[in-house]
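Numbering (our numbering), first residue to last: 709 to 1084. Where is the CB? At the ideal position from N, CA and C, for every residue including glycine. What you are looking at is a predicted structure, and each value in this text was computed from that prediction instead of being measured. See below for the structure under consideration.
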Amino acid sequence: MKFIIQDTDKHTHARAGLLETAHGKVETPIFMPVGTAANVKAVHMRDLRDDVKAQIILGNTYHLYLRPGLDIIRMAGGLHKFTGWDRPMLTDSGGYQVYSLTGIRKLKEEGVTFQSHIDGSRHMFTPENVIDTQRIIGADIIMAFDECTPYPCEYDYAKNSMEITHRWLKRCTERFENTQPHYGHEQTLFPIVQGSVYRDLRKQSATEISSFGADGNAIGGLSVGEPHEVMYEMTELICGILPKDKPRYLMGVGTPANILESIALGVDMFDCVMPTRNGRNGMIFTRRGFMNMLNNKWKDDYSMLDKEGTSFVDTQYSRAYVRHLFRSGELLGGMIASLHNLSFYLWLVGEAREQIRAGTFGLWKNEMVKKVSTRL
RNA sequence: GUGGAUGUAGCUCAGCUGGUUAGAGCACUGGAUUGUGGUUCCAGGGGUCGUGGGUUCAAGUCCCAUCUUCCACC
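This is the structure:
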């Protein structure tokens, strides 16, 4: 996988780059829609490609392993063929599920044993079989198996967790190097920096992760409940250590403001469930602020959903109509909001990229952060 | 007509033998949601307890009357 940096902002650490995978190019900074279970919820692949203009989407190892299962994906010829998405893909390793599904899992040196949230059956993920699984799924970028620490997190727990993540990374890397892609296209492995909110741990982890010389590096364990300033502080610290010539991926982030601020700190890739999950629950993000479509104030607002929006839904449906759909529990509401929000997120990072290339990112970012944080 | 039930928040109901400012679920009004378990959590507003009398220190609760709705039987 290739990555080149095309422009660097003079006043911030923002970069505009180009990532090249076997399934095509990705212009960074980029937002990657989350498609956990072999679909971006409530959005057609066609709309994802032509309307949202998504360049790369996510899948999830844990969820796909449980359903539909590896045999089905292998027989389909991999996740690209199975879903019909022929552009770049990235799979998360399941490390986050180990965190979020806590209570039905047990963590050991060997790996993690857990019970399926679907039928309670017992399974084990190890660094090795998570790589094998991601070979079968066949995404262009695959993630190392890590432990995402909760927040707050005791120093000793964070330290042990970080160390086990490092040992697992070594095992992931070995397995990755000793296995081949199943479908003829190249895959690449991203390691993940951990260390919770402790500067020395984050520094140590970023240094360790950098030494692997991967094609790209991820920052995990943030946006799990810590204050935004802490998240930015850690991100800044880590970006100062990770190699400059490789893409940096901040996992699970975030709000439009989080993304803009993190781009300024030198992050190139993002993913987050917010535009889709919050969208399904009535939240609409726009360049002028965000709105809760369930609120009473939209009941007779017949203006377009977002007159400045880039999606066809923005000028196809009125706010009053979208509010009606949400209040009636109509599925179309979630579909409209998901499509709109993803379009907005992709517009936002695309515009950030343009501003970086034009040398005007810093000022634009500051103004945009204020706007997108406004409640409408 | 007779007998038996019923009446408490917008809706469906809980309130044991009378005892602090009458509760729940849903709905309603807001808020949260960050590598997704089609959500889930949090907060808030809202009731002359059908009506009128009575007993009692004290009545949603007991007594009488009346009205509402339902059931059964003539």
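Practice item. Less than 8 Å between the CB atoms is what I'm expecting for I992 and M959, so what's the real figure, rounded? Key: Actually they are not in contact, since the Cβ atoms of I992 and M959 sit about 24 Å apart, beyond 8 Å.
Practice item. Leaving aside the five residues before and after V1080 along the sequence, list all residues of the same chain whose C-beta is less than 6 Å from its C-beta, in chain order. Key: P964, A965
**Study point:** Under 7 Å between C-beta atoms of S1046 and G987
**Key:** yes
Check your understanding: Which of the three DSSP states, helix, strand or coil, is assigned to L815?
Key -> strand
Review point. Apart from the five residues on each side of it in sequence, which residues of its chain come closer than 6 Å, Cβ to Cβ, to A1060?
Key: P737, I971
Exercise for review: Would you tell me roughly how many angstroms separate the C-alpha atoms of M709 and R782, rounded to the nearest one?
Suggested key: 23 Å
**Study point:** Residues near E969 by beta carbon distance below 7 Å, same chain, minus five either side
**Key:** Y940, V1077
Check your understanding: Between the region 1000-1013 and the region 1062-1075, do at least 3 Cβ pairs fall closer than 8 Å?
Key -> no
Review point. Hey, how far is the Cα of V751 from the Cα of D864?
Key: 42 Å
Point to revise | Contact the region 892-912 vs the region 843-854: 3+ CB pairs below 8 Å | key: yes
Review point. Taking contact to mean at least 3 C-beta pairs separated by less than 8 Å, is the region 870-886 in contact with the region 899-911?
Key: yes
Review point. Per DSSP, A762 is paired with what?
Key: Looking at the DSSP assignment, A762 forms no beta bridge with any residue, so it has no partner.
Review point. Between the beta-carbon of F1020 and the beta-carbon of D759, is there less than 7 Å?
Key: yes
Review point. Within this structure, are the beta carbons of C861 and Y804 separated by less than 7 Å?
Key: no
Review point. Straight-line CA distance for C999 to K1005?
Key: A small correction: the amino acid at residue 999 is Met; Cys does not occupy that position in the sequence shown. M999 and K1005: Cα-Cα distance of roughly 10 Å.
Check your understanding: What first and last residue would you give for the beta strand (DSSP E) that runs through G1134?
Key -> What the structure shows of the chain is the stretch from 709 to 1084, and residue 1134 is not part of that stretch, so it cannot be assessed.
Point to revise | Nearest neighbour of L778, chosen from Q823, T720, I839 [CA to CA] | key: I839
Check your understanding: Ordered along the chain, which non-local residues of its own chain (more than five positions away) have a Cβ less than 8 Å from that of S918?
Key -> N925, I949, L950, P951
**Study point:** Straight-line gap, D755 to K761 (C-alpha atoms, nearest Å)
**Key:** 8 Å
Review point. Is it the case that the Cβ atoms of L766 and G743 are separated by a distance below 7 Å?
Key: yes
Review point. What's the call for I826, buried or exposed, on a 16-neighbour Cβ count within 10 Å?
Key: exposed
**Study point:** With 16 other Cβ atoms within 10 Å as the buried cut-off, status of L1039
**Key:** exposed
Practice item. Would you list the residues sitting across from H1032 in a DSSP beta bridge? Key: Its beta-bridge partners do not exist; DSSP assigns none.
Point to revise | Candidates K867, N886, S931, T881, of which the one nearest R907 by Cα | key: K867
Review point. From V938 to G929, what does the alpha carbon distance come to, in whole angstroms?
Key: 12 Å
**Study point:** Contained beta strand (DSSP E) runs [length at least 3] in the region 800-857, N- to C-terminal order
**Key:** 813-815, 820-823, 830-833, 849-851
Review point. How many angstroms separate the CA atom of I780 from the CA atom of V905?
Key: 40 Å
Review point. Quick one: what does DSSP say N1004 is sitting in, helix, strand or coil?
Key: helix
Practice item. Would you mind stating whether R1027 and L1013 have Cβ atoms separated by less than 7 Å? Key: yes
Check your understanding: Using the rule of at least 16 other Cβ atoms within 10 Å of the residue's Cβ for burial, across every protein chain shown, is H719 buried or exposed?
Key -> exposed
Point to revise | Other residues of its chain near E735: CB distance less than 7 Å, five sequence neighbours each side excluded | key: L726, Q763, R1061
Practice item. Please name the residue, chosen from F833, T1082, D717, that lies closest to Y773 on a Cα-to-Cα basis. Key: F833
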